[in-house]
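Reminder that position 276 of the sequence shown reads as 755 in the numbering used here, one-by-one numbering, no gaps. What follows is one structure encoded as structure tokens, with my remarks underneath.
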Amino acid sequence: LGLLIPTVTADDKPCSAFTVNGSYPATFSFYRFYDFRNASLSQTTMSSGKWPADRDGSSTLVSNKTTNDSPWDDDGTVRVHYRGVAAKGLTELHYIPSMVSMGGEAGSAYLSLNTWRLRNNTQLGGEIFYSRADVDAISFRVSARVSGASGAVAGFFTYHNDTQESDIEILTKDGDGRVHFSNQPTTDKNEKIISDTTFNDSLPESTSINDWAIYRLDWLPSLDMSVWYVDGEQLRTTQTNVPQAASTVFIDMWSNSGWWSGDMAVGDQATLEIQWIEMAFNASATATSVPDDGVVCTIDEGIGSP
Numbered sequence: 480l481g482l483l484i485p486t487v488t489a490d491d492k493p494c495s496a497f498t499v500n501g502s503y504p505a506t507f508s509f510y511r512f513y514d515f516r517n518a519s520l521s522q523t524t525m526s527s528g529k530w531p532a533d534r535d536g537s538s539t540l541v542s543n544k545t546t547n548d549s550p551w552d553d554d555g556t557v558r559v560h561y562r563g564v565a566a567k568g569l570t571e572l573h574y575i576p577s578m579v580s581m582g583g584e585a586g587s588a589y590l591s592l593n594t595w596r597l598r599n600n601t602q603l604g605g606e607i608f609y610s611r612a613d614v615d616a617i618s619f620r621v622s623a624r625v626s627g628a629s630g631a632v633a634g635f636f637t638y639h640n641d642t643q644e645s646d647i648e649i650l651t652k653d654g655d656g657r658v659h660f661s662n663q664p665t666t667d668k669n670e671k672i673i674s675d676t677t678f679n680d681s682l683p684e685s686t687s688i689n690d691w692a693i694y695r696l697d698w699l700p701s702l703d704m705s706v707w708y709v710d711g712e713q714l715r716t717t718q719t720n721v722p723q724a725a726s727t728v729f730i731d732m733w734s735n736s737g738w739w740s741g742d743m744a745v746g747d748q749a750t751l752e753i754q755w756i757e758m759a760f761n762a763s764a765t766a767t768s769v770p771d772d773g774v775v776c777t778i779d780e781g782i783g784s785p
């Protein structure tokens with residue numbers, strides 16, 4: 480369904496590797512750009528399924544791919560997952576396809592992930608994931624905004640398991656000017672915070688979670704480093720609990736009435752809206768389809784145009 484366009488440089492040579500800027504520049508083998516702004520408002524954007532996806536890296540990936548219509552048709556999945564009650568006193572959290580949809584108007588559309596508190600101690604959430612589970616380094620950027628009731632969490636993260644995760648989270652209970660960055664685990668066996676694993680930061684000046692902003696995570700295991708940015712401003716780095724295992728890229732919107740998310744009132748909702756997703760990444764277990772005459776491109780010279 481999506482229209483795929485090869486990424487080329489100004490001299491018409493295809494890109495065979497991709498670099499990123501910042502204090503810790505890195506080079507990656509693969510690039511993806513998914514633009515929802517011109518996507519059809521009438522059609523389903525992704526298939527649904529369960530995680531994990533492909534872990535063995537058996538298939539070949541083309542080095543770059545951009546799409547300007549029906550993003551993530553080929554590469555993304557809406558997660559179906561009934562989590563139940565994680566602990567006593569929490570609500571049941573269910574990720575279902577109806578919580579992921581298109582919104583906006585033609586030319587300014589966006590992907591919408593919702594969470595909704597129902598009766599009977601139930602919370603519905605929306606979650607999507609990149610269909611590969613063998614990503615082992617990434618510069619991950621999302622143009623997003625968040626709105627709605629207190630008690631919700633918007634997350635952008637890499638995940639292998641609960642102790643191999645690097646994330647960005649926006650909590651609606653925090654108001655409109657905060658963002659959280661973490662490498663898991665953030666607490667020790669005694670539930671004490673592990674130093675330099677989690678940060679609660681102010682957004683850059685004049686930036687609000689309600690407005691479009693670019694959230695960026697650079698997960699760089701070879702440097703033992705996680706780096707976080709908002710709107711191009713580097714806010715945090717850490718070398719503590721940097722994940723080392725091949726992972727999946729997730730985006731979600733959820734609540735479970737726990738201490739982290741906060742409690743959402745019955746009938747209330749919150750929404751994460753996404754204009755585009757950009758990823759430069761490595762998947763070392765996967766064969767690379769690289770053009771013989773390709774050149775190294777930077778993804779920071781223009782959004783969607785390395």
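Where a beta carbon is used, it is the ideal one built from N, C-alpha and C, also for glycine.
Next on the checklist: Alpha carbons only, please: which of S542, A725, A759, S645 is nearest the one belonging to S705?
Outcome noted: S645
Checklist entry - For I756, which of A628, Q718, I617, A565 has the nearest alpha-carbon? => result I617
Checklist entry - Does the Cβ of D667 have 16 or more other Cβ atoms within 10 Å, making it buried, or fewer, making it exposed? => result exposed
Checklist entry - If you compare alpha carbons, which of N543, G568, T677, I575 is closest to Y561? => result I575
Next on the checklist: Does P504 come out as helix, strand or coil in the three-state DSSP assignment?
Outcome noted: coil
Checklist entry - Going by other Cβ atoms of all chains shown within 10 Å of its Cβ, with 16 needed for buried, is V775 buried or exposed? => result exposed
Checklist entry - Under the three-state reduction of DSSP, which class applies to D742: helix, strand or coil? => result coil
Checklist entry - If we ignore side chains and look at the alpha-carbon of each, how far apart do V728 and N761 end up? => result 12 angstroms
Checklist entry - By DSSP, does N547 sit in helix, in strand, or in coil? => result Any reading at N547 must be qualified, since the residue scores a pLDDT of 46, below 50, and its modelled position is unreliable; the value itself is stated next. DSSP places N547 in coil when its eight states are reduced to three.
Next on the checklist: Bridge partners for Q643 per DSSP, in chain order?
Outcome noted: N640
Next on the checklist: Rounding to the nearest angstrom, what Cα-Cα distance links D535 and T686 in this structure?
Outcome noted: Confidence is the limiting factor: at D535 the pLDDT is only 48, short of 50, which leaves the residue's position unreliable, though a coordinate-based value still follows. Straight-line Cα distance between these residues: approximately 40 angstroms.
Checklist entry - Nearest-angstrom Cα distance between Q713 and A518? => result 30 angstroms
Item to check | Closest by C-alpha distance to Q718, when choosing among V499, S580, F635, S701 | outcome: S701
Checklist entry - Using DSSP with H/G/I as helix, E/B as strand and the rest coil, what is D533? => result Legend: pLDDT at D533 = 49, less than 50; position of this residue unreliable, value from coordinates given subsequently. D533: strand per DSSP, three-state reduction.
Checklist entry - Between the stretch 687 to 698 and the stretch 651 to 667, are three or more C-beta pairs nearer than 8 angstroms? => result yes
Item to check | 7 angstroms CB neighbourhood of S537 in its chain, flanking five on each side removed | outcome: Note that S537 scores a pLDDT of 47, beneath 50, so its modelled location is shaky; the value from the coordinates is reported in the next line. Excluding residues within five positions, none has a Cβ falling inside 7 angstroms.
Next on the checklist: Helix, strand or coil, according to DSSP, for D747 in the structure here?
Outcome noted: coil
Item to check | Limits of the unbroken beta strand (DSSP E) element including L603 | outcome: 601 to 609
Checklist entry - Secondary structure at Q653, three-state DSSP: helix, strand or coil? => result The sequence given here has Asp at residue 653, not Gln. Helix, per DSSP.
Item to check | Spatially closest choice to F509 from V632, A724, A496, by CA coordinates | outcome: A496
Checklist entry - Is the CB-CB distance between G582 and E780 below 8 angstroms? => result no
Checklist entry - Is it buried or exposed for P504, if we count other Cβ within 10 angstroms and need 16 for buried? => result exposed
Checklist entry - From the beta carbon of P493, is the nearest beta carbon of chain C less than 8 angstroms away? => result Protein chains in the displayed structure number just one, and chain C is not present.
Checklist entry - Between which two residues does the beta strand (DSSP E) harbouring G713 extend? => result Before going further, note that residue 713 is Gln rather than Gly in the sequence given. 712 to 717 is the span of the beta strand (DSSP E), which, as asked, contains Q713.
Next on the checklist: Using 8 angstroms for Cβ pairs, my map puts S740 next to L597. What's the rounded Cβ distance?
Outcome noted: Rounded, the Cβ-Cβ distance is 15 angstroms, inconsistent with contact.
Item to check | Bridge-paired residues (DSSP) for M732 | outcome: G605, A633
Checklist entry - Which class does S701 belong to by DSSP, given the choice of helix, strand or coil? => result helix
Checklist entry - In whole angstroms, what separates the C-alpha of T594 from that of G604? => result 4 angstroms
Next on the checklist: Using a 10 Å radius around the Cβ and a threshold of 16 neighbouring Cβ atoms, would you call V499 buried or exposed?
Outcome noted: buried
Checklist entry - Any idea which residues DSSP pairs Q663 with across the strands? => result E644
Item to check | L520 burial status per 10 Å Cβ neighbour count (16 or more: buried) | outcome: exposed
Item to check | Rounded separation between S763 and T506 - CA only | outcome: 13 angstroms
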